[in-house]
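Here this note's numbering = 1-based position in the sequence shown + 184. Just so you know, even glycine gets a beta-carbon here, dropped at the ideal spot from N, CA and C.
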Amino acid sequence: MAVSACHLESDAFLVCMSHALSTEKEEVMGLCIGELEPSRVVHVHSVIILRRSDKRKDRVEISPEQLSAASTEAERLADSTGRPMRVVGWYHSHPHITVWPSHVDVRTQAMYQMLDQGFVGLIFSCFIEDKNTRTGRVLYTCFQSTAKGSENERLEIPIHVLPREAISKACLESAVELPRILCQEEQDTYRKIHALSHLDPVTRIHNGSVFTKNLCSQMSAVSGPLLQWLEHRLSHNQHCISELQRERQQLREELDKL
Ligand code: ZN
Numbered sequence: 185m186a187v188s189a190c191h192l193e194s195d196a197f198l199v200c201m202s203h204a205l206s207t208e209k210e211e212v213m214g215l216c217i218g219e220l221e222p223s224r225v226v227h228v229h230s231v232i233i234l235r236r237s238d239k240r241k242d243r244v245e246i247s248p249e250q251l252s253a254a255s256t257e258a259e260r261l262a263d264s265t266g267r268p269m270r271v272v273g274w275y276h277s278h279p280h281i282t283v284w285p286s287h288v289d290v291r292t293q294a295m296y297q298m299l300d301q302g303f304v305g306l307i308f309s310c311f312i313e314d315k316n317t318r319t320g321r322v323l324y325t326c327f328q329s330t331a332k333g334s335e336n337e338r339l340e341i342p343i344h345v346l347p348r349e350a351i352s353k354a355c356l357e358s359a360v361e362l363p364r365i366l367c368q369e370e371q372d373t374y375r376k377i378h379a380l381s382h383l384d385p386v387t388r389i390h391n392g393s394v395f396t397k398n399l400c401s402q403m404s405a406v407s408g409p410l411l412q413w414l415e416h417r418l419s420h421n422q423h424c425i426s427e428l429q430r431e432r433q434q435l436r437e438e439l440d441k442l
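Below you can see the structure in the form of structure tokens.
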């Protein structure tokens, strides 16, 4: 039986968005951690960003090791929150293309559903320009796979982003992990190329500068905005603390008068 809806917490949504917007050249992906409620609503509490071993423009794959590491992380979260957390879905980005799942996506989703009926797929389409307003557009969708004859078909699942006042520890950890993972991916690619012995010195210098340039673009696209966002949260929290302290002082004064 298909799930009835997907509730994505706003801080988890933010991590997905930062990840999706980190590159417009290839698709990125991750796993969703949360719980399947008795009403068959999938509630996504946090996400795990997956490191890609092989960057391809239009393919994303999850290795069994990554899936098992994600399950361990879900167990850790279940222990700390006291809620039955597990891996409830996967997400990936569609840079420059429509939000709808491809045939490969629907097939992959069907495979996950064979293991877990409540598993969902999320897609974030970005770097698309709205022709009328000439502004960037971000679209997202949640889907499951349903059998039609011998084929599998996309089944759209209603998705709602739930506002959250605070950011959860798990989401904060994932957000901070993002620049580190992206940097590691660049390093892996660079090391592979650098190990090729037949390259002449000019090509080597060129490769080195491409590596530096990619790291710089990441800093401006991901690390910079992330830092800004965290600083903004910090000042917001400090403001809340001073408000609460003022309130406490007032209450104490009132108490003293009695
Ligand atoms: Zn896709």
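query                                                                                                                                       : result
First and last residue of the beta strand (DSSP E) that includes Q328?                                                                      : 320-332
Starting from F308, trace the beta strand (DSSP E) both ways and give me its first and last residue.                                        : 304-313
Since H203 and I233 are thought to touch, with beta carbons under 8 Å apart, how far apart are those beta carbons, to the nearest angstrom? : 6 Å
According to DSSP, simplified to helix, strand and coil, what is R338?                                                                      : strand
Run through the DSSP bridge pairs and tell me what E219 is partnered with.                                                                  : H227
Which residue wins for smallest C-alpha separation from M269, given the options A196, H276, H280, S255?                                     : S255
Helix, strand or coil for S277, going by three-state DSSP, please let me know.                                                              : strand
Run through DSSP, which three-state label would H382 get?                                                                                   : coil
What whole-angstrom Cβ distance do V169 and A379 have, given they're in contact under 8 Å?                                                  : Because the chain in this structure spans residues 185 to 442, residue 169 falls outside the shown range and cannot be described.
Is it the case that the CB of D211 approaches a heavy atom of the ligand ZN more closely than 8 Å?                                          : Going by the sequence as given, residue 211 is Glu instead of Asp. Result yes, Cβ under 8 Å from the ligand ZN.
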